[in-house]
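*Asks:*
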Amino acid sequence: MTYTPSNKVPDRYRDAFVKAVQEWQKSDPSVQAQRGGCPLEFVEPSTCRVTVSFFGTTYVVEHPTARVWTQETGKMPSYGLQTLFLHYLLTADGRPLSGEWVSFRELPDGLFYQQAFRQRSLLPLEGKFGHNRLAFEKAAMALGGEKLDMAESSFRFYALPRVPLAALLWTGDEEFPPAVQILFDASAGGYLPTEDLAMVGGVLSGSLLRYEEKP
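Throughout the sequence shown, residue numbering follows the working numbering, covering 10 to 224 in sequence.
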């Protein structure tokens with residue numbers, strides 16, 4: 010099956026999206042769904058649907074069409090997210106979680122993206138929550154974070170079924186500036202390329218930043 014991309018695909022995603030679609034069409038979805046910890050259902054003998062949970066929202070990825078939609082609404086997510094889900098299913102090698110948290114720079118090729126990741130995902134969090142631990146904790150819990158015993162305050166989130174992240178906060182004082190870290194399980198490289206893990210961390214950061222407590 011030859012895939013012809015829609016004109017709606019933004020140029021910045023086009024090459025990666027088309028390549029991911031073509032690889033997905035050639036893949037064994039049963040194997041990849043199992044490796045990624047995702048349920049699979051055949052709707053026809055040659056058509057199946059894989060459900061992928063992303064920060065608590067469930068999406069459907071169809072094979073071999075590569076159509077992607079939100080399970081609850083039926084709406085198509087952004088091409089960036091579609092590419093991310095395809096990359097997750099294609100990259101997943103089924104390795105167990107290590108239980109060891111590592112920083113972004115410790116991921117494969119993480120040093121290459123570290124500066125951009127810090128600028129886009131960490132510094133904005135330090136600016137908003139660096140002197141307000143309570144606001145950080147309210148935002149994290151509202152997003153489904155599970156409390157961890159690290160740093161001054163920390164929470165675990167499941168971005169994808171086998172890609173947990175941890176957000177850590179140290180509030181500032183007269184002697185030390187505030188600091189925020191987003192950590193990944195050491196197994197993360199077996200589920201997504203590092204560039205995509207940067208995107209996942211950015212989604213978590215953006216969600217925390219956008220949280221507003223209801224009156």
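Backbone N, C-alpha and C fix where the C-beta goes; we use that ideal spot for every residue, glycine too.
Note that the coordinates shown come from a computational prediction; the quantities given were computed from them, not determined experimentally.
How many Å lie between T67 and D118 at the Cα?
*Replies:* Counting from one through the sequence shown, the residue named residue 67 turns up at place 58. Counting from one through the sequence shown, the residue named residue 118 turns up at place 109. Computed Cα separation, rounded: 29 Å.
*Asks:* Could you tell me which uninterrupted beta strand (DSSP E) segments, each at least 3 residues in length, are contained entirely in the stretch 160-219, listed from first to last along the chain?
*Replies:* Counting only runs of 3 or more, we get 162-169, 172-179 and 188-194.
*Asks:* State the DSSP-derived secondary structure class of L143, mapped to helix, strand or coil.
*Replies:* Translated into the one-based positions of the sequence shown, residue 143 becomes position 134. Here L143 sits in helix by DSSP.
*Asks:* Among F121, L169 and F26, whose alpha-carbon lies nearest the alpha-carbon of S87?
*Replies:* Here residue 87 refers to the residue found at position 78 of the sequence shown. Nearest option by C-alpha distance: F26.
*Asks:* Got a sec? Which residues, its chain only, sit under 7 Å from A197 by beta carbon, not counting five neighbours each side?
*Replies:* As a working note, residue 197 is residue 188 in the sequence shown. Within the same chain, A197 has close Cβ partners L116, V172 and L206.
*Asks:* What is the residue span of the beta strand (DSSP E) that L157 lies within?
*Replies:* As a working note, residue 157 is residue 148 in the sequence shown. It spans E155 to L157 - the beta strand (DSSP E) in which L157 sits, taken as one unbroken run.
*Asks:* So L49 is in the beta strand (DSSP E); what residue range does that whole segment cover?
*Replies:* Position 40 of the sequence shown, counted from the start, is the residue given in the question as residue 49. Where L49 is concerned, the enclosing beta strand (DSSP E) stretches over L49 to E53.
*Asks:* Which word fits D194, buried or exposed, when buried means at least 16 other C-beta atoms lie within 10 angstroms of its C-beta?
*Replies:* Residue numbering aside, residue 194 sits at position 185 when the sequence shown is read from its first letter. D194 should be labelled buried.
*Asks:* DSSP puts F63 in a beta bridge; with which residues?
*Replies:* One-based indexing of the sequence shown puts residue 63 at position 54. DSSP output for F63 lists T66 as bridge partner(s).
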